[in-house]
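**Student:** The structure that follows is given in the form of structure tokens.
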Amino acid sequence: MRKSNARQAHPKNTSSREIGPLPWSYFVVIAICGCVLAAGFFLAARQHFTSMDLGMKNSRLRKQLEDLESENRRLLLAREISLSPSEITKTARNLGFIAVTTPTTAVPVPFSTKAAPAALLKAVVESAPVAAAKPIAITMTAYQRPVSGVTLEPSQKRISPDKQTKKIEAVKQKSIKPEITAVAKLR
Amino acid sequence: MATRAKRVKKSNARQTAFTRFTLIVAILVLWMGGIGVRLVHLQVTKHEWLKEKATGQRQDIKRSKLPRGTIFDRNERALAISVRVKTLYADPTTIDDIKSAAKTIAKVLGVKESDLSKQLAEAKADERKFVSLAKGLDEETAQKINKALEDSSIRKADLPKFTGLHWREDQKRSYPNQTLAAHIIGFSNADGVGQAGIEQSQNDILFGAVIKRLQERDRLGRVYDETVSEKEPPKDVVLTISLPIQYMTEQALEKAVKASSSKSGIAVVIDNKTGEVLALANYPSFDPNRLNEITADNLSNAAIQGVYSPGSAFKLVTYGSALERKLISPEAEIDSGNGTIEIAKHRFTDSHAIGRVTYSKALAHSSNVCAIKTGMRVGKEGFYQTLKTFGFGKPTGIELPAETGGIVRAPERWNGDSLASMSIGYEIGVSALQMASAFATIANNGVRIQPHIIKEIRQSDEQTVPVAQPAKTQVVSAETARDLRIMLRQVVVAGTGKRAQLNGYSSAGKTGTAWKFDEKLKKVNSAKYVSSFIGFAPAEDPAVTIAVVMDEPKVGGRDGGQVAGPVFRDIAQQILPELNVKPEGYVAEESTLEDIPEAVASGPSASSLNEHVSDPLPKENIKAETAVVPKSPARKEAKPASAETKPATAIKTEKSKQPEKDIKSKPVKSEKREPEAKPKSLIKNKSSTDTKKRKT
């Protein structure tokens, strides 16, 4: 009995293992899983590379922003330099403009100064090398005692604005004529 | 038998297969075990090393400094700005052939090949990784160098494509207007730390923090991820000064200093109504772009750091104090007698006797006698109180470093003649800004607005940070202020300040002339003056207050009205149209300009001469001065001698012997003596509280 059973069981098992066909759905499932897995890997890889690409673009843009800010500062500095008084003066000189010499200001001799003009000039030469470098015209006037009974009324008169220009021009043309005038040119 | 043999054969085959299978499995287990052991070894024991190596391959840490904040004027003109620059450096440890590399680099940079080769070789021997080759290059130059150094065979992520060479980003501070407003702006050092002016006082706001960038790189060195450490970006500072006004002020001051051969000059322009400083000029000045040319003489911002005796300009406070207490009125009369008055055995004189006059005329003629009499009526306590309310004796609070508070002694330390001396502007030390603020108070109907120079602080996102509002104090009543304005107007119209008359506008102000104390002579020197004119315009509705102080004018007139008055006029006439102030139609009648002499000083008693030394700060102390706001200066203010009628030397010999002796016998401690070492340029005094005994 045992033998016959064994004989019967063995061939059955063998045939079921070797011959039994796998259902096609099994392959389909495997294929789908494989596709999903492959697609997942593909998507992950794609996302990774996209992220890297974006990161690189971001980095480039950030650098570009910094460069632009830097350039903005540089241009601002260049504008300020070109608008600075020294640069304008230099440019004007290059264009042929000449600085207008202002008329000599009358500087009266102080009432308390007892020193001789020569001594004064000497002091100037010694103490002011800048001033001595180029000729300066100095007008010294003698001190005059003020007229007694100076009025408290304002000596400045209010004039109409339209007459103002004419008045100013007229005043400018008037020159102060001091009693003693000495003009010294320092070299 | 055959069947049995077959069975045995089959059994052997199975055995062999099993043995083979076991062997393969064992090999696999061993292989995997080996891998596992190796993995454990790498992951556990060599974890740190591997991590470091991996990070080093893909990560790059870069430290850079944010550009320092910009300083603007009120019209958005940049006064100080930082720009990015590049430094080319070499890492000699990665250069194999130093000589050929040096040859190429030297050719591009235009340096001597032998020197460069030697430098690189030495650095390589010392294993130094940083040798600076070219500093402060702009982007354009850097690109040219990159192009010139490009070696196509080199695979390198960063530029230049040359082995061992790299760029480092730095920043450079630029001051486009050079000397203009240099004392206000100050400068910062190579590390981007402010050393003077706004750069120093607002360093925390302007300072650009160091940021760390963590960059992730791919195998080609391209950055694909970047993490920047968050740091607050520096802010920009907008000042109240106006560049055109500052320029006009500086030009007028420079011209006047040169014309009068003065040692130095100061000019301050304040908007009365807001307390905003529109211009603050010192001459001589410096160029913050050229730090090697800065000296102690031109670095000091004397307008706020220097102390001087204001002389007659201080009579504003004397008369203001009396008017406020209703002790006098502008049209009331006062008798100046023969122009001489003696207080505590000290004789004060006027330059000329004016007899019985109104207070208005007394101020216009700058009578010392009348001012002293007025001061005496006010009394010690009242006068001291007025001084304090005007803000003398303490810093104004302007946002600039090392501002002095001036020298004001408490009444208990006054001499018998101190009140008289202070009534005419002696025995007191003030800064030009304090004086300008006092006059601005009168111009602003008695309301003192704290002078300030910062308009706003701006963040990078264009938002403004609120700035503290300037303090407002009612110093004198509006009525007193109006009376004082009328009196000050007379000074310009018919007094010592005629040269401050303007074309087109009315002006008012007060002249001041004081002799300086000579450190060498140990007495006041009648040849050394501090001449000033402080005023405002237009007189009726003042828009600006201008203070001009000239130190030691040598040529021509030396009175404040003669030296400083014209500078006031030059500045005011130029800036009033700039401020859109409508002309009033006044014309300065130059033909009637007859200078009324100003009493230089009926100086204080000689005994106090040494206690009020008008000597400046020492040059060697400038750095410390600018870095730290000084405490109450431990020095004395200059005390000028009497007027022409009584020479300073005479007074000195009469009364000042004892104090001099005291100085010699009792030397002051080194810290307090230090400032005496070397006088600085301007009218800077330091008052000493450790004084000698006075003779009253």
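First to last, the protein sequences are chains D and V.
Numbering that gives the first Met the number 0 puts the first residue of the first sequence at 0, with every later residue one more than the last.
Numbering that gives the first Met the number 0 puts the first residue of the second sequence at 0, with every later residue one more than the last.
Note that CB positions come from ideal geometry on N, CA and C, so glycine has one too.
Ignore the nearest five residues each way along the sequence and tell me which others in L158 (chain V)'s own chain have a CB closer than 6 Å to its CB.
**Tutor:** Here residue 158 (chain V) corresponds to residue number 159 of the second sequence, with the count starting at 1. Only N145 meet the Cβ criterion.
**Student:** Out of V:V566, V:A53, V:Y318 and V:A280, which one is the CA nearest neighbour of G305 (chain V)?
**Tutor:** Working through the second sequence from its first residue, we reach residue 305 (chain V) at position 306. Considering only alpha carbons, the answer is V:A280.
**Student:** Determine, using beta carbons only, whether Q245 (chain V) and D59 (chain V) come nearer to each other than 7 Å.
**Tutor:** As a working mapping, residue 245 (chain V) is identified with position 246 in the second sequence. As a working mapping, residue 59 (chain V) is identified with position 60 in the second sequence. No, they are not a contact pair.
**Student:** Taking its Cβ as the centre, do 16 or more other Cβ atoms sit within 10 Å of T512 (chain V), making it buried, or is it exposed?
**Tutor:** Locating residue 512 (chain V) in the second sequence gives position 513, counting from the first residue. That one is buried.
**Student:** Is the CB-CB distance between I453 (chain V) and V466 (chain V) below 7 Å?
**Tutor:** Along the second sequence, read from residue 1 onward, the residue named residue 453 (chain V) stands at position 454. Along the second sequence, read from residue 1 onward, the residue named residue 466 (chain V) stands at position 467. Yes, Cβ-Cβ distance for I453 (chain V) and V466 (chain V) is below 7 Å.
**Student:** Please give me, in chain order, every unbroken run of the alpha helix (DSSP H) with length at least 4 that falls completely inside the stretch 366-443 of chain V.
**Tutor:** Within the stretch 366-443 of chain V, the complete alpha helix (DSSP H) runs of at least 4 residues are 367-377, 379-389, 417-422 and 431-442.
**Student:** Using a Cβ cut-off of 8 Å, pull out every chain V residue sitting near P22 (chain D), in sequence order please.
**Tutor:** Position 23 of the first sequence holds residue 22 (chain D). Ordered by position in chain V, no residue passes the 8 Å Cβ test against P22 (chain D), which lies about 30 Å from the chain.
**Student:** In terms of residues, what are the limits of the beta strand (DSSP E) holding V746 (chain V)?
**Tutor:** The requested residue 746 (chain V) does not occur in the structure, where chain V is confined to residues 0 to 695.
**Student:** If we define contact as Cβ-Cβ less than 7 Å, is G33 (chain D) a contact residue for chain V?
**Tutor:** Counting from 1 along the first sequence, the entry for residue 33 (chain D) is found at position 34. Not one chain V Cβ lies under 7 Å of G33 (chain D).
**Student:** Residues of chain D with a CB under 7 Å from the CB of P175 (chain V): which are they?
**Tutor:** Taking the second sequence and counting its residues from 1, one reaches residue 175 (chain V) at position 176. Neighbours of P175 (chain V) on chain D, chain order: L76, E79, I80 and S83.
**Student:** Taking all protein chains shown into account, decide if M31 (chain V) is buried (16 or more other Cβ within 10 angstroms of its Cβ) or exposed.
**Tutor:** In the second sequence, residue 31 (chain V) corresponds to position 32, counting from 1. Exposed, since its Cβ has fewer than 16 Cβ neighbours within 10 Å.
**Student:** Spell out the partners DSSP gives R346 (chain V) in its beta bridges.
**Tutor:** Working through the second sequence from its first residue, we reach residue 346 (chain V) at position 347. According to DSSP, which records beta bridges pairwise, R346 (chain V) is partnered with V:E341.
**Student:** Under 7 Å between C-beta atoms, does G54 (chain D) make it to chain V?
**Tutor:** The sequence position of residue 54 (chain D) within the first sequence is 55, counting from 1. Yes, contact with chain V.
**Student:** Quick one: what does DSSP say E112 (chain V) is sitting in, helix, strand or coil?
**Tutor:** The residue given as residue 112 (chain V) occupies position 113 in the second sequence. Correct three-state label for E112 (chain V): helix.
**Student:** Please state the DSSP three-state secondary structure of R37 (chain V).
**Tutor:** Locating residue 37 (chain V) in the second sequence gives position 38, where the first residue counts as 1. In the structure shown, R37 (chain V) sits in a helix (DSSP, three-state: H, G or I).
**Student:** For the ligand ATP, I want to know if Q473 (chain V) counts as a neighbour, meaning its beta carbon is within less than 6 Å of at least one of the ligand's heavy atoms.
**Tutor:** By its list of ligands, the structure shown contains no ligand whatsoever, and the ligand ATP lies outside what it can speak to.
**Student:** If you check the beta carbons only, do I293 (chain V) and E402 (chain V) fall under 7 Å apart?
**Tutor:** Against the second sequence, residue 293 (chain V) aligns to sequence position 294. Against the second sequence, residue 402 (chain V) aligns to sequence position 403. Not closer than 7 Å, so no.
**Student:** Are T373 (chain V) and A321 (chain V) close, meaning C-beta to C-beta below 7 Å?
**Tutor:** The count along the second sequence starts at 1 and reaches residue 373 (chain V) at position 374. The count along the second sequence starts at 1 and reaches residue 321 (chain V) at position 322. For T373 (chain V) and A321 (chain V), yes; Cβs fall inside 7 Å.
**Student:** Select from V:T544, V:D334 and V:V523 the residue whose C-alpha is nearest the C-alpha of I533 (chain V).
**Tutor:** Here residue 533 (chain V) is taken as the residue at index 534 of the second sequence, counted from 1. Comparing Cα-Cα distances from I533 (chain V) to each of V:T544, V:D334 and V:V523, the minimum goes to V:T544.
**Student:** Anything in chain D within Cβ reach of V82 (chain V), meaning under 8 Å, just list it in chain order.
**Tutor:** Locating residue 82 (chain V) in the second sequence gives position 83, where the first residue counts as 1. S69, R72, R73 and L76, listed in chain order.
**Student:** Is it buried or exposed for L418 (chain V), if we count other Cβ within 10 angstroms and need 16 for buried?
**Tutor:** Counted from its first residue, the second sequence places residue 418 (chain V) at position 419. Counting Cβ neighbours within 10 Å, L418 (chain V) comes out buried, since at least 16 surround it.
**Student:** Do S261 (chain V) and E551 (chain V) come within 7 Å of each other at the CB atom, strictly closer than that value?
**Tutor:** Locating residue 551 (chain V) in the second sequence gives position 552, where the first residue counts as 1. Locating residue 261 (chain V) in the second sequence gives position 262, where the first residue counts as 1. Against a cut-off of 7 Å, the Cβ pair of S261 (chain V) and E551 (chain V) comes out as a contact.
**Student:** Using a Cβ-Cβ distance under 7 Å, would R221 (chain V) count as near chain D?
**Tutor:** Your numbering for residue 221 (chain V) matches position 222 in the second sequence. Yes, R221 (chain V) lies at the interface with chain D (some Cβ there is under 7 Å from its Cβ).
**Student:** State the DSSP-derived secondary structure class of D460 (chain V), mapped to helix, strand or coil.
**Tutor:** Locating residue 460 (chain V) in the second sequence gives position 461, counting from the first residue. Here D460 (chain V) sits in coil by DSSP.
**Student:** At least one CB of chain D closer than 7 Å to the CB of A312 (chain V): is that the case?
**Tutor:** Position 313 of the second sequence, counted from the start, is the residue given in the question as residue 312 (chain V). No - not a single Cβ of chain D is within 7 Å of the one on A312 (chain V).
**Student:** So with Cβ pairs under 7 Å, would you call A77 (chain V) a contact of chain D?
**Tutor:** The residue you call residue 77 (chain V) lines up with position 78 of the second sequence. Yes - at least one Cβ of chain D is within 7 Å of the one on A77 (chain V).
**Student:** Would a check of beta-carbon distances place D150 (chain V) closer than 7 Å to chain D?
**Tutor:** Position 151 of the second sequence, counting from 1, holds the residue named residue 150 (chain V). Answer no: the Cβ-Cβ gap between D150 (chain V) and chain D never drops below 7 Å.
**Student:** Classify L322 (chain V) as helix, strand or coil using the three-state DSSP reduction.
**Tutor:** Within the second sequence, numbered from 1, the residue matching residue 322 (chain V) stands at position 323. Three-state DSSP puts L322 (chain V) in a helix.
**Student:** Quick one, which of V:V43, V:L501, V:A507 and V:L219 has its alpha-carbon nearest P582 (chain V)'s?
**Tutor:** The sequence position of residue 582 (chain V) within the second sequence is 583, counting from 1. Per the Cα distances, V:L501.
**Student:** Helix, strand or coil for R76 (chain V)? Go by DSSP, reduced to three states.
**Tutor:** Position 77 of the second sequence holds residue 76 (chain V). In this structure, R76 (chain V) counts as coil in the three-state DSSP scheme.
**Student:** Does any residue of chain D bring its CB to less than 7 Å from the CB of Y425 (chain V)?
**Tutor:** As a position in the second sequence, residue 425 (chain V) is number 426, starting the count at 1. No, no contact with chain D.
**Student:** Going by CA-CA distance only, name the one from V:I342, V:T388, V:G392 and V:K521 that's closest to V368 (chain V).
**Tutor:** Sequence index remark: in the second sequence, residue 368 (chain V) carries index 369 (1-based). It is V:I342 whose Cα lies nearest to the Cα of V368 (chain V).
**Student:** Assuming H451 (chain V) and E275 (chain V) make a contact with CB atoms under 8 Å, what is their CB distance in whole Å?
**Tutor:** Indexing the second sequence from 1 puts residue 451 (chain V) at position 452. Indexing the second sequence from 1 puts residue 275 (chain V) at position 276. 7 Å between Cβ atoms; contact.
**Student:** Can the beta-carbon of I210 (chain V) be found closer than 7 Å to that of K230 (chain V)?
**Tutor:** The residue given as residue 210 (chain V) occupies position 211 in the second sequence. The residue given as residue 230 (chain V) occupies position 231 in the second sequence. Yes.
**Student:** Report buried or exposed for A431 (chain V), applying the criterion of at least 16 other Cβ atoms within 10 angstroms of its Cβ.
**Tutor:** Taking the first residue of the second sequence as position 1, residue 431 (chain V) is located at position 432. Result: buried.
**Student:** Anyone know if the C-beta pair for V475 (chain V) and E323 (chain V) falls short of 7 Å?
**Tutor:** Position 476 of the second sequence, counted from the first residue, corresponds to residue 475 (chain V). Position 324 of the second sequence, counted from the first residue, corresponds to residue 323 (chain V). Going by C-beta atoms, V475 (chain V) is nearer than 7 Å to E323 (chain V).
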